[in-house]
Amino acid sequence: METLTRTAPTADAPDVQVRPLGAWATQAALVAVGGYVAIASRSLGVWTEAGPGPGFFPLVLGLFLVVLSLVWFVQTPRQVAPASASQRTLLRTGAVTIGSLVLLAAVLNVVGFQIAMFAFLLFHLRRGRVRWLASVIIALVGSVGTFHLFGDVLLVPLPLSSLPFLGALGV
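Residue numbers (the UniProt record's numbering): 1 to 171.
Structural data, given as structure tokens:
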């Protein structure tokens, strides 16, 4: 009777190649989110008699997200080695990003778009080791600039703070 033993791979044995788990999980999540957005956008009305309806843009973005995620899946190189330190760093970065997005969504209506987005951008810029001054400037332009672009130019209101003292400041 033969016994099965685990041996180190030899030059003759082919390497087993697998996609990185973190990349695969992120790609699957993005396909699911894009699919959900595309399906949910249909309830808003994709087309009206006057042209594109309120669900048209979310439908296009949802489908775009699905297609780009599938392209990313096809382009993701396969790895020979199991999860390395760089793979764990990638997983940690993805988890921190998703966690910060969830936190952003949770506090958006409480502290308003400008403060929430400023903190979100500043956190990620500093986490990416961008200098303090550059981080603050980019976060200010990204939060306050976007707020005024949407509110004043595009006439799309973004959430203000529900806290009275911040609401009085117009934040």
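Note that beta-carbon positions come from the ideal geometry of N, C-alpha and C, so glycine has one too.
These numbers come from a predicted model, not from an experiment.
| Query | Result |
| --- | --- |
| Taking the beta carbon of residue 173 as the centre, do at least 16 other beta carbons fall within 10 Å, making it buried, or is it exposed? | Within the shown structure, residues of the chain are numbered from 1 to 171, placing residue 173 beyond reach of any answer. |
| Helix, strand or coil for GLY112 per DSSP? | coil |
| Quick check on the burial criterion: 16 or more other C-beta atoms within 10 angstroms. Buried or exposed for THR26? | buried |
| When the Cβ atoms of the stretch 69-76 are set against those of the stretch 126-133, are three or more pairs found closer than 8 Å? | no |
| Which one of ALA28, GLN114, PHE64 and LEU30 has the shortest CA to CA distance from LEU160? | GLN114 |
| Here's a check: name, in chain order, each residue in its chain whose Cβ is nearer than 7 Å to the Cβ of LEU70, leaving out the five neighbours to either side. | VAL31 |
| Using a Cβ-Cβ cutoff of less than 7 Å, which residues in the same chain neighbour VAL156 once the five nearest sequence positions on both sides are dropped? | PHE150 |
| Rounded to whole angstroms, what is the Cα-Cα separation between ILE138 and VAL102? | 21 Å |
| Do GLY45 and PRO54 come within 8 Å of each other at the CB atom, strictly closer than that value? | yes |
| Rank THR146, ASP152, SER162 and ALA50 by C-alpha distance to the C-alpha of VAL107 and give the top, closest one. | SER162 |
| Are LEU65 and GLY34 touching if we call contact CB-CB under 8 Å? | yes |
| Suppose you measure from the CA of ILE98 to the CA of TRP24; what does that come to, to the nearest Å? | 15 Å |
| Mapping the DSSP letters down to three states, classify residue 177 as helix, strand or coil. | Past the edges of the chain, shown from 1 to 171, lies residue 177, and the structure says nothing about it. |
| Let me know the secondary structure DSSP gives PRO20 once reduced to three states. | coil |
| So the candidates are PHE123, PRO58, ALA50 and ALA119; which of them puts its Cα closest to the Cα of VAL37? | PRO58 |
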